[in-house]
Amino acid sequence: MPDAALTADRLTRRYRDGHAEVTGCEDVSLAVHPGELLVVRGRSGAGKSTLLRLLGGLDRPSSGTVRIGDVDVSAASEDALVTLRRDVVGFVHQDFGLLPTLTAAENVELPLRVARRPGAERDDRVAAALSSVGLDGHARQRPGQLSGGQQQRVAIARALVLPRRVLIADEPTGQLDSETAAQVMELVVALTRERGVATVVATHDPLVIALADRVVELRDGRVRAGRHAA
748 MPDAALTADR LTRRYRDGHA EVTGCEDVSL AVHPGELLVV RGRSGAGKST
798 LLRLLGGLDR PSSGTVRIGD VDVSAASEDA LVTLRRDVVG FVHQDFGLLP
848 TLTAAENVEL PLRVARRPGA ERDDRVAAAL SSVGLDGHAR QRPGQLSGGQ
898 QQRVAIARAL VLPRRVLIAD EPTGQLDSET AAQVMELVVA LTRERGVATV
948 VATHDPLVIA LADRVVELRD GRVRAGRHAA
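Residue numbers for the sequence shown follow the numbering used here, so the first one is 748 and each next one is one higher.
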């Protein structure tokens, strides 16, 4: 098995809520390899979103480390984190996160514009990304003209329009019906395998859990159980 693309070592995140100290994540260690789908399961409030924010460099741990490749994410400068999120880590959220005034193609193009890629390259990459998620004919449609499943596919295309090494998805099927959710997750699995992406999905959806290579369960911010796929 290749070296892990993403590792976490004894991650803990505590924060203040009024006068109380809250632990969102405690002593979590895990590793995700290229081409692997790791599911983090748990009830609402178990710490899944906190963990994913730490893994993706959107938040810093109170203690412990996160590494993506050779980069120590937990100790990186703000500029380094911006570069990491732009070039290395793709995010997919439950609410899709699409800009309603932009077309599907324009939403997918956003990371390329931020990365200042040339216009011809942007056009080629956007077309290829939309094709990879089965939306060739929907490039000019805005989010309000697309179904929930189509919007989530646009979000996936945007997350992977650059050659990401890590994909992090927080409850990506939460707003989808079961049939659409299954289709979207089968797409995520296929892209994970084909591109060798290390993918972490937080969910309590049994349809998603069934597709995982490995599952870890969070309870009160701690890993309580884990399994390999059968």
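Virtual Cβ for every residue (Gly too), placed ideally from N, Cα, C.
All figures in this text were calculated on a predicted structure; none of them were measured in a lab.
1. Which word fits valine 962, buried or exposed, when buried means at least 16 other C-beta atoms lie within 10 angstroms of its C-beta?
2. Take alanine 977 and list the residues in its own chain whose beta-carbon comes closer than 8 Å to its own, dropping the five residues that flank it on each side.
3. So what's histidine 885 in DSSP terms, helix, strand or just coil?
4. Could you have a look at threonine 812 and say whether DSSP puts it in helix, strand or coil?
5. Residues in the same chain with beta-carbon distance under 7 Å from valine 880, minus the five sequence neighbours each way, listed in chain order, please.
6. Can you list, in chain order, the residues of its chain whose CB lies under 6 Å from that of histidine 766, leaving out five sequence neighbours each side?
7. Roughly how many whole angstroms lie between the Cα atoms of leucine 846 and arginine 889?
8. What is the rounded straight-line gap between the Cα of serine 1003 and the Cα of valine 769?
9. Could you check whether proline 808 and leucine 753 sit closer than 8 Å to each other, using their CB atoms as the reference points?
10. Output needed for arginine 790: all residues of its chain with C-beta closer than 7 Å, excluding positions within five of it in sequence on either side, in chain order.
11. Could you say if the stretch 833-847 and the stretch 912-930 meet the contact criterion of at least three C-beta pairs nearer than 8 Å?
12. Can you give the Cα-Cα distance for threonine 927 and glycine 921, rounded to whole angstroms?
13. I want to see whether chain B comes within less than 8 Å of aspartate 917, judged by CB atoms only; does it?
14. Bridge partners for alanine 945 per DSSP, in chain order?
15. Who are the Cβ neighbours of aspartate 750 in its own chain at under 6 Å, not counting the five residues just before and after it?
16. Give the straight-line distance between the Cα atoms of glycine 803 and arginine 832, rounded to the nearest whole angstrom.
17. Which of the three DSSP states is assigned to threonine 850 in this structure?
18. Within 10 angstroms of its Cβ, does serine 878 collect 16 or more other Cβ (buried), or is it exposed?
19. Is the beta carbon of arginine 869 less than 8 Å from the beta carbon of leucine 859?
20. What does DSSP give as the partner residue(s) for alanine 778 in the beta ladder?
21. Could you give the DSSP three-state label for aspartate 834: helix, strand or coil?
22. Are the Cβ atoms of isoleucine 956 and arginine 788 separated by less than 8 Å?
23. Three-state secondary structure (DSSP) at glycine 771?
With the given structure in hand:
1. buried
2. Confidence at alanine 977 is low in this model, with a pLDDT of 42, below 50, so its placement is unreliable and no value can be given for it.
3. helix
4. strand
5. Once the five neighbours on either side are set aside, the close Cβ partners of valine 880 are Arg900, Ile903, Ala904, Leu934.
6. none
7. 9 Å
8. Nothing can be reported for residue 1003: it is not among the residues displayed for the chain, which extend from 748 to 977.
9. no
10. His951
11. Touching, per the Cβ criterion.
12. 11 Å
13. The chain inventory of the structure shown lacks chain B, comprising one protein chain alone.
14. The partner list for alanine 945 (beta bridge, DSSP) reads Val913.
15. none
16. 7 Å
17. coil
18. exposed
19. Cβ distance < 8 Å, so arginine 869 and leucine 859 count as in contact.
20. Alanine 778 pairs with Thr754.
21. Helix, per DSSP.
22. yes
23. In this structure, glycine 771 counts as strand in the three-state DSSP scheme.
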